[in-house]
Structure formats: structure tokens, C-alpha cells
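For reference, the structure discussed in these notes is given below.
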Amino acid sequence: MGTDTAWTVFRAGRQRPAAIAALQRRRLADLVTYARTHSAYYADRYRDIPAPGARSGPTDITRLPAITKPDAMTHFDDWVTDPAVRRAGVEAFLADPAQVGRDYLDRYVVCTTSGSTGTPAILLHDLRAVAVYNALGYVRALPPTLLRSDVIWPLVRGRGRLAAVFVTDGHFLGNTMMARRVRSKPWRRRMQRLLSALARIEDIVGELNAFQPVVLGGYPSALEALAREQRAGRLRIAPALVNAAGETLTDAARQRIGTAFACRVGNHYGTSEAVGLTYECSAAQLHVNSDWYILEPVDDHDQPVPPGRRSHGALVTNLANRIQPVIRYQIGDQIIVQPERCSCAGPFPVIEVSGRTDDTLVFATPAGDRIRVLPLAVATVAEETPGVAACQLVQHGPAALRVRFRTRPGVDAAQVWDVLRTRLSAYLAGLGALEVSVEKDDLPPQLHPRSGKFRQVYREHGTPRPFGPSPDARPGPRMKT
Ligand SMILES: [Zn+2]
Numbered sequence: 001m002g003t004d005t006a007w008t009v010f011r012a013g014r015q016r017p018a019a020i021a022a023l024q025r026r027r028l029a030d031l032v033t034y035a036r037t038h039s040a041y042y043a044d045r046y047r048d049i050p051a052p053g054a055r056s057g058p059t060d061i062t063r064l065p066a067i068t069k070p071d072a073m074t075h076f077d078d079w080v081t082d083p084a085v086r087r088a089g090v091e092a093f094l095a096d097p098a099q100v101g102r103d104y105l106d107r108y109v110v111c112t113t114s115g116s117t118g119t120p121a122i123l124l125h126d127l128r129a130v131a132v133y134n135a136l137g138y139v140r141a142l143p144p145t146l147l148r149s150d151v152i153w154p155l156v157r158g159r160g161r162l163a164a165v166f167v168t169d170g171h172f173l174g175n176t177m178m179a180r181r182v183r184s185k186p187w188r189r190r191m192q193r194l195l196s197a198l199a200r201i202e203d204i205v206g207e208l209n210a211f212q213p214v215v216l217g218g219y220p221s222a223l224e225a226l227a228r229e230q231r232a233g234r235l236r237i238a239p240a241l242v243n244a245a246g247e248t249l250t251d252a253a254r255q256r257i258g259t260a261f262a263c264r265v266g267n268h269y270g271t272s273e274a275v276g277l278t279y280e281c282s283a284a285q286l287h288v289n290s291d292w293y294i295l296e297p298v299d300d301h302d303q304p305v306p307p308g309r310r311s312h313g314a315l316v317t318n319l320a321n322r323i324q325p326v327i328r329y330q331i332g333d334q335i336i337v338q339p340e341r342c343s344c345a346g347p348f349p350v351i352e353v354s355g356r357t358d359d360t361l362v363f364a365t366p367a368g369d370r371i372r373v374l375p376l377a378v379a380t381v382a383e384e385t386p387g388v389a390a391c392q393l394v395q396h397g398p399a400a401l402r403v404r405f406r407t408r409p410g411v412d413a414a415q416v417w418d419v420l421r422t423r424l425s426a427y428l429a430g431l432g433a434l435e436v437s438v439e440k441d442d443l444p445p446q447l448h449p450r451s452g453k454f455r456q457v458y459r460e461h462g463t464p465r466p467f468g469p470s471p472d473a474r475p476g477p478r479m480k481t
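The sequence shown begins at 1 in the UniProt record's numbering and counts up by one.
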């Protein structure tokens, strides 16, 4: 982390909201100028918008068109601001697992997203932006948690042993960042363990029991599965802190996880496009790092939604990253900007988020067992299938999964489906769900009929519930995830 960057971040946190707003406007004007001069994609999108000059004043963000992930990804080579970066080259880099944790062209951190809109994206971050993300993490996100005596001492005694359960075998953000840190300081390997959410729960439990992490991170669905294992006595760890990220953490889930592990549960909200978008303060509220990000709550026509009202979606602007500018970029999350200031007296706006709400799938086996399947894990298996552009998985019976997908242009859809079905069946069988029928739906990915939101993985009414009482009263059914 650059000391200058950390200092800049620290100083902004001491400012009044008006000063932060001024900083934000200046950084936006710089970013827009940079994007329209270095990115053919933005040059084209902004061609009718006058360049900000002395007379036209600061850039009014609402005059800029919103961009969508599918559209921007279609124009990837024009979107990026370095002509040395080409989609074909980046994809070759991503296809090589040995490159995880290395910087592309020695100067860009690359990650892929498992998209909450069903379309995966490739995101590059320049090293200056990465320094900002790190500074936001160390200067703002960490202290409210670390300065608590019930966290700091166990952390010191446990030498900071950190375990995280995420999708590990790919260039996903958490994985890439962790691999990068281990690469730069190999001793960290002993202190950090990344476990795959795609593995069997028994294996994850075994590794965690042996490693005894002081900090446990993961998707809420993975943490809930582990909380259940802890309650059942199979998992025996005593973390000082549990951190949830990647999916929406509901209050109920937070309570269940916190009770099972008897510790504080932290919540992280950000995206691969906007790393370090928020931090959770000492009052457990999410604050937007508005000196480096602009998060706009919008309705279904991308028009502003006032504070206090739940939005339909949100537009995010990342003021730190230049290589692949993210300006008014649609993310599907519904947010509420709180009209009042937080009790922590921090100058940054407080938001409430209902973002990714995929379901944990539960399949019944003929023997009466229930197999739990984590949504991000199974979605990744589907999305990583060559030729798949977008997908959606719907459980519609105790042992039935319906797959909706779109293919990339120029591929044979029947062939893609063959591979996709085989991969999903093999993955489910590996978890013990041997007899799930995996069927193709003729429809492409759909918005949810009731909420109108896109849910990538969900259970239809009438399928088994993941965390409720067991439907059969037989003693000790085997629980898997
Ligand atoms: Zn606060």
C-alpha cells in the first residue's frame, strides 16, 4: 500500500461531507476527461456531451449515459484505455490457472465476475487503483473491527490465521487478491487458507478444524452451512471474527452465524467493478466510500431515487481505476440511501442494500438425505462452461434442476448444452446428489416472476428448504452442502 494513498484516504475521512463532495466532483471530472480521450467506447458514448470546461462548470453525472455490463463487455477492446490490452490476450491469460495472482502485462490485476445479472465480466484494475482499494480496506474497513478488544487479542494470539471459503479455482476477485498477497510475501501462505466453496462440506470442515482460523470469511450461504456444522458439533472452531461477502447478508443469517460462532459477524459489500465500495462502521452500518466511488440509487429508467426510498437498481462509478473506466455502470442491487447521518459521526453516506439473493438449493436423495448446494458455487460451474454467455438455474422439484442459458455468438448451442449438462451433473454427483435431473429450459434467463429482480439461482415454491426443520424425523440425517 502506498503511504501517500493511505494518507489521502485517511485525510478525506476527517473532512466534512461538503469537502468530500468537492473532492468527488474533481475526481469525476478528471476520470470523464481521461475516459473520453483514452477509451473509444466512452468517446463514442459521450460524443454529444460537452467537455467540462471553465465555463460549463463541474461535470453533472446525471447528464452522462448509464452503461450496462453486457454492452460494455461487447466493446471490451474499445472500453479499455491501454491499446496493449486486448480481449483475446486477457482471455488466454485467464484460461491459464498458473496465472492466478500474477499481474497481466505486469501492471494490471485481472478478475472475472460471476455476474449477478447473469453475464460474467472481465475486469482490469491498474496498480494505482489497487493501492486505493488497499488503503480503503486498511484505513477505513479494518479499524472499527480491529479496535475492539474482543477481536484484537484473539487475533494476536491466533497470529491472524485467516480462512476464507469462496470459489477458488479461478480469477475471482477475492482469490486473485489473496494469491497476489501470498505471491508477494510467501510467509502469508501459512497464515491464510483459501477453501473452495465447491468442495464437500465434510472436507471444508476437516480443513477448518485442523487450521483453527481466527478470522473466517465467506459467502453468507457458505457461512450458514458452516454455522450449521458448528451447531451440530462437527465443526469446532472459535473465530474472533466472521466476515461475510459476495452475497446479501440478511439479518436472520447474520444472527444465526453470530450465535453459532459466538462472535461478531462483519458484512462487506462491494463488487468486482467497485472493490472497496463500502465499509462497515463501528455502529454496523454500511458507508459508501464516496471520495472514491459514486453510488446512485435509480429507478427502472436510471432516474435518481431520493434518499429514504428503495431503488430499483444502482449505478456505480469507480473514481480510482483508469484502465477500464467504470462510469455510471448498472449493478442490479437495490439500495436505500439513509437520509440521516450515522451515529458513528462518519462523513460518508450510509446505505442499506438488498443485493444478491440467490437460494441455496436442496436436493433430496432416495435415502432421505438432503444435499445443500451453494448458489455461487453451482452458478460458477455453469458459467465457466465454454460458450455460455449467461445462465440461470432453477430448482423446480426435490431432484430436478432447470437450466436457462444463452450462448456466445458463433457456437453450437446443442454442443454447449451437452457440456453444460455433463458438468452440472458431475458437480452435483460429486456432492452426493446423484439422481438430480438436469433439464434444459427453452426460455433464456428470466427476471423473477414475483420480485421482478434477476436471481441467478433459486428454488421454486414447494422444494425443500435449506435451513428449516428436516422433513423426515429419522435421527441424524446426513447433511451435505
Ligand atoms: Zn457509521
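For each residue, glycine too, the CB sits at the ideal point set by N, CA and C.
Being a predicted model, the structure only gives us computed values, none of them experimental.
Non-local beta-carbon contacts of Thr-463 in its own chain, meaning distances under 6 Å to residues more than five positions away in sequence, involve Gln-395 in chain order. Between the alpha carbons of Ile-20 and Arg-140 lies a gap of roughly 15 Å. Looking at the DSSP output, Cys-391 bridges to Phe-405. The alpha-carbon separation between Thr-62 and Val-388 amounts to approximately 34 Å. Ranked by how close their Cα comes to the Cα of Ile-237, the residues Asp-251, Ala-260, Ala-253, Thr-250 have Ala-260 in first place. In the three-state DSSP reduction, Gln-99 falls in the helix class (H, G or I). When the alpha-carbon of Leu-136 is set against those of Phe-93, Gly-430, Thr-8, the nearest one is in Thr-8. Ligand 1 has no heavy atom closer than 7 Å to the beta-carbon of Gln-212. Residue ranges of uninterrupted beta strand (DSSP E) with 3 or more members, entirely inside the segment 218-296 and ordered along the chain, are 241-244, 264-267, 278-280, 286-288. Judged by their CB atoms, Arg-107 and Leu-127 are nearer to each other than the 8 Å cut-off. Annotation for Thr-317: no alpha helix (DSSP H) segment contains it, though the beta strand (DSSP E) segment containing it runs 313-318. For Asp-442, the secondary structure class from DSSP, reduced to helix, strand or coil, is coil. Residue range 40-45 is occupied by the alpha helix (DSSP H) that includes Tyr-41. Take Leu-443, set aside five residues on each side of it, and the residues of its chain with a beta-carbon closer than 6 Å to its own are Arg-404, in chain order. Residue burial is scored here from C-beta neighbours: His-461 has fewer than 16 other C-beta atoms within 10 angstroms and is therefore classed as exposed.
Residue burial annotation: Pro-65 is exposed, with fewer than 16 other C-beta atoms found within 10 angstroms of its C-beta. In chain order, Pro-297, Val-298, Asp-299, Ser-311 place their CB closer than 7 Å to the CB of Val-305, counting only its own chain and leaving out the 5 sequence neighbours on each side. With contacts defined by Cβ atoms closer than 8 Å, Arg-47 and Ile-67 do not form a contacting pair.
Per DSSP, the unbroken alpha helix (DSSP H) holding Val-90 starts and ends at 87-94. Here DSSP, grouped into helix, strand and coil, assigns Phe-10 to helix.
Within the same chain, Ile-201, Val-205, Leu-235 come within 7 Å of Glu-229 by CB-CB distance, once the 5 residues on both sides are set aside. The three-state reading of DSSP puts Asp-4 in helix, counting H, G and I together. Residue environment for Pro-386: exposed (fewer than 16 other C-beta atoms within 10 angstroms of its C-beta). Relative to ligand 1, Val-350 has its C-beta within less than 7 Å of a heavy atom. Only residues of its own chain outside the window of five on either side were considered, and among them Leu-162, Met-178, Val-182 have a CB closer than 7 Å to the CB of Gln-192, listed in chain order. Residue state for Phe-363 is assigned as strand, using DSSP reduced to three classes. In the three-state reduction of the DSSP assignment, Glu-435 falls in the coil class, being assigned neither a helical nor a strand state. Closest option to Asn-289, judged by alpha-carbon separation, among Gly-346, Arg-328, Ala-240: Gly-346. If you draw a 10 Å sphere on the C-beta of Gln-334, you find 16 or more other C-beta atoms in it, and that means buried. DSSP places Ile-67 in the strand class (E or B) of the three-state scheme. A distance criterion of 7 Å places the beta-carbon of Gln-338 beyond contact range of ligand 1, judged by its closest non-hydrogen atom. Between Trp-79 and Gln-324, the beta carbon gap of about 6 Å places them in contact (Cβ cut-off 8 Å). For the pair Pro-239 and Arg-372, the Cα-to-Cα distance works out to about 24 Å. Contact annotation, Arg-423 with Val-381: C-beta distance approximately 6 Å; criterion of less than 8 Å satisfied.
In this structure, ligand 1 has a non-hydrogen atom nearer than 7 Å to the beta-carbon of His-287. Ligand 1 approaches Ala-283 closely enough that one of its heavy atoms is under 7 Å from the residue's Cβ.
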